[in-house]
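In this note's numbering, the protein residues as written are 1 to 129.
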């Protein structure tokens with residue numbers, strides 16, 4: 001770009017998008033966010049919590065966490081769940097909420113959001129709008 005050349009990359013792989021100077025997220029043909037990766041990640045409000053439960057309990061745990069009063073968003077990320085809460089102080093409440101409903105918790109901790117987390121959060125808001 002410094003020499004007057006720009007490269008346009010289109011990808012579904014957020015790890016590739018991390019290397020770009022600027023991003024534009026498009027959902028259903030509409031621009032839903034744009035900016036440098038760091039700014040987009042910084043715009044994700046609250047704390048992001050990663051939850052690991054036994055494989056057979058993943059979908060049930062997702063439904064349970066989506067009903068938790070402190071969970072703003074909850075989504076599956078591979079073999080784990082990502083839950084957005086206002087503050088990390090909600091972690092003990094998430095753990096006890098799951099355990100009270102018969103879900104064993106293997107791991108529950110705050111993590112740094114990825115671009116994938118940002119995109120899922122943006123799309124979740126769009127769907128809910």
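Glycine included, C-beta positions come from ideal geometry on N, C-alpha and C. Note that the structure is a prediction, hence the values are computed from the model and not measured.
Within a 10 Å sphere around the beta-carbon of residue 38 sit fewer than 16 other beta-carbons, which makes this residue exposed. Collapsing the DSSP output to three states places residue 5 in coil. Comparing alpha carbon positions, the residue from 109, 115, 82 and 60 closest to residue 100 is 60. Residue state for residue 125 is assigned as helix, using DSSP reduced to three classes. Shown here, residue 32 sits in a strand according to DSSP, grouped into three states.
Comparing alpha-carbon positions, the option among 108, 24, 93 and 25 lying closest to residue 81 turns out to be 108. For residue 98, the uninterrupted alpha helix (DSSP H) segment begins and ends at 91-100. By the Cβ-count criterion, residue 117 is buried, with 16 or more other Cβ atoms from all chains shown falling within 10 Å of its own Cβ.
DSSP, reduced to helix, strand and coil, places residue 16 within a helical segment of the structure shown. Exclusion of the five residues before and after residue 90 leaves 70 as the residues of its chain whose Cβ lies within less than 6 Å of its Cβ.
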